[in-house]
Amino acid sequence: FPQGTIFNERWIRLGAHCIIAEQVTLTAGMLPLGPGETLGPDPVLSLGNGVVLGRGSHVVADAPVTIGDEAFFGPYVYVTSTNHSYDDPHLPVGKQWP
Numbered sequence: 001f002p003q004g005t006i007f008n009e010r011w012i013r014l015g016a017h018c019i020i021a022e023q024v025t026l027t028a029g030m031l032p033l034g035p036g037e038t039l040g041p042d043p044v045l046s047l048g049n050g051v052v053l054g055r056g057s058h059v060v061a062d063a064p065v066t067i068g069d070e071a072f073f074g075p076y077v078y079v080t081s082t083n084h085s086y087d088d089p090h091l092p093v094g095k096q097w098p
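Residue numbers (our numbering): 1 to 98.
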């Protein structure tokens, strides 16, 4: 398999015949968990059968994310279950609470 990064693999489910290109990051939860910490009994990130993730893509799931069967993502796609707030146009987005 090409080199990539996976955080909290216990909560990531890959379907059959997925193609994951190099430099892809798959993340369940926001940070790596310590000993005894859990995200619950069910997968947080689920990829269906035949999913293709192009080089350099990132899938970040703090809340459940399901990508259906045969979904194709090109290179450098970013998928996330959360986003930043845009309430104050005078404050940088990265400093606004989601």
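Where a beta carbon is used, it is the ideal one built from N, C-alpha and C, also for glycine.
Since this is a predicted model, take the numbers as computed values, not measurements.
Quiz item: Which two residues bound the contiguous beta strand (DSSP E) that contains L91?
Solution: L91 -> no beta strand (DSSP E), and no H or E assigned at all.
Quiz prompt | Supposed contact pair V93 and V79 - C-beta distance, whole angstroms, cut 8 Å | solution = Wrong, their Cβ atoms sit about 18 Å apart, outside the cutoff.
Quiz item: Buried or exposed: where does L26 fall if 16 or more other Cβ atoms within 10 Å of its Cβ makes it buried?
Solution: buried
Quiz item: Identify the residues that DSSP records as bridge partners of V51: which are they?
Solution: V51 is not bridged to any residue.
Practice problem: Could you tell me whether the Cβ atoms of A28 and G48 are closer together than 9 Å? | Solution: no
Quiz item: So, using beta-carbon positions, are A61 and L45 closer together than 9 Å?
Solution: yes
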